[in-house]
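For the sequence shown, the working numbering gives the first residue as 1030, with consecutive numbering after it.
Using N, Cα and C, we set each Cβ at its ideal position, and we do this for glycine too.
One structure below.
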Amino acid sequence: MTGKERVLKALGHEEPDRVPVMEYIFEHGIIEQVLGRPSFWRGHFKEVKAYWEGRRDEVVESQKRDVVEFVLAMGLDGVTVSMVPPKGFRPEPLQQLDEETWRDWEGNVYRYSPLTEDLVMMAPKALEPQKPPEDLWEPPQEPDPSEFELIDHVVRELGDTHFVISRLGRRVRPPYPNPFGMEEW
């Protein structure tokens, strides 16, 4: 019985050969340990910095490769994937104030958390706002086909044998007010 068949049986209130195994989210530290290499999948601040540097395609290629390899390595029956930023995505980098502190042009202050490996808003509107960047990235009104690149790849590679779940719509908001023009993304 494939993982996909197993999950469908369970959802249909029928007994599969064993309990289906899948997780909603794995932290990237676990992903990297299993794969034995760095990954951008669920990469938190590492992923954000790569977007700032214009490395969207590198991030998405890493995620495509790593999602499939991780699911197979763990023997999972399914996986959850989401949309990715559109091609050309390069959000405005935050201004770094010190080793672990950044600010956005609106005056919000963020601190890097080693515990979560992400930026966390430390002080909203704590600093004087600055003029917005002239080339502030704005998301397209309608999703671009490139935003489905990860989902399409995972369905193509695993869809026949694994249960694939995708969140509807664009990626959920980060845990802090968005500093790089992705409020609607």
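From P1168 to D1095, what distance separates their C-alpha atoms?
Position 139 of the sequence shown, counted from the first residue, corresponds to residue 1168. Position 66 of the sequence shown, counted from the first residue, corresponds to residue 1095. So the two alpha carbons sit approximately 26 Å from each other.
For the candidate residues T1109, V1149, Q1125, whose alpha-carbon lies nearest to that of L1179?
As a position in the sequence shown, residue 1179 is number 150, starting the count at 1. Ranking T1109, V1149, Q1125 by Cα distance to L1179 puts T1109 first.
With H, G and I counted as helix, E and B as strand and the rest as coil, what does DSSP make of F1192?
Locating residue 1192 in the sequence shown gives position 163, counting from the first residue. Strand at F1192.
Taking Cβ to Cβ, would you say K1154 is nearer than 8 Å to N1137?
Taking the first residue of the sequence shown as 1, we reach residue 1154 at position 125. Taking the first residue of the sequence shown as 1, we reach residue 1137 at position 108. Closer than 8 Å, so yes.
Determine which residues share a DSSP beta bridge with S1142 and list them.
Walking along the sequence shown from the start, residue 1142 turns up at place 113. Answer is D1147, bridged to S1142.
Nearest to K1116 by CA position, among E1087, D1133, G1041, L1126, is which residue?
Counting from 1 along the sequence shown, the entry for residue 1116 is found at position 87. Out of E1087, D1133, G1041, L1126, E1087 has the C-alpha closest to the C-alpha of K1116.
Taking only three categories from DSSP, how would you classify G1032?
As a first step, residue 1032 must be located in the sequence shown, where it is residue number 3. Helix.
Quick check: L1148 and W1166, are their CB atoms within less than 8 Å of each other?
To locate residue 1148, count along the sequence shown from 1; it is residue 119. To locate residue 1166, count along the sequence shown from 1; it is residue 137. In this structure, W1166 does not lie closer than 8 Å to L1148 by Cβ.
DSSP three-state assignment for Q1092, whether helix, strand or coil:
As a first step, residue 1092 is located in the sequence shown; it is residue number 63 there, counting from the start. It is helical.
By the three-class DSSP mapping on this structure, what secondary structure does W1131 have?
For the purposes of this step, residue 1131 is identified with residue 102 of the sequence shown, where counting begins at 1. Strand, per DSSP.
Let me know if E1076 comes out buried or exposed under the rule of 16 or more other beta-carbons within 10 Å of its beta-carbon.
Residue numbering aside, residue 1076 sits at position 47 when the sequence shown is read from its first letter. By the 10 Å Cβ count, E1076 comes out buried.
Helix, strand or coil at L1165 according to DSSP, with G and I counted as helix:
Here residue 1165 is taken as the residue at index 136 of the sequence shown, counted from 1. It is coil, neither helix nor strand.
Just verifying my parser: in three-state terms, what is the DSSP assignment at L1123?
If you number the sequence shown from 1, residue 1123 lands on position 94. Of the three classes helix, strand and coil, the one that applies to L1123 here is coil, per DSSP.
Using only the alpha-carbon positions, how far apart do E1212 and H1191 sit?
Locating residue 1212 in the sequence shown gives position 183, counting from the first residue. Locating residue 1191 in the sequence shown gives position 162, counting from the first residue. Confidence at E1212 is low in this model, with a pLDDT of 47, below 50, so its placement is unreliable and no value can be given for it.
Is it buried or exposed, E1157, if we count other Cβ atoms within 10 angstroms and call 16 or more buried?
In the sequence shown, counting from the first residue as 1, residue 1157 sits at position 128. Result: exposed.
Alpha carbon of R1084 to alpha carbon of K1093, nearest angstrom:
Taking the first residue of the sequence shown as position 1, residue 1084 is located at position 55. Taking the first residue of the sequence shown as position 1, residue 1093 is located at position 64. Computed Cα separation, rounded: 15 Å.
Indicate whether V1097 and E1176 have their beta-carbon atoms separated by less than 8 Å.
Mapped onto the sequence shown, residue 1097 falls at position 68. Mapped onto the sequence shown, residue 1176 falls at position 147. Cβ distance not < 8 Å, so V1097 and E1176 don't count as in contact.
Taking all protein chains shown into account, decide if V1048 is buried (16 or more other Cβ within 10 angstroms of its Cβ) or exposed.
In the sequence shown, counting from the first residue as 1, residue 1048 sits at position 19. So V1048 ends up on the exposed side.
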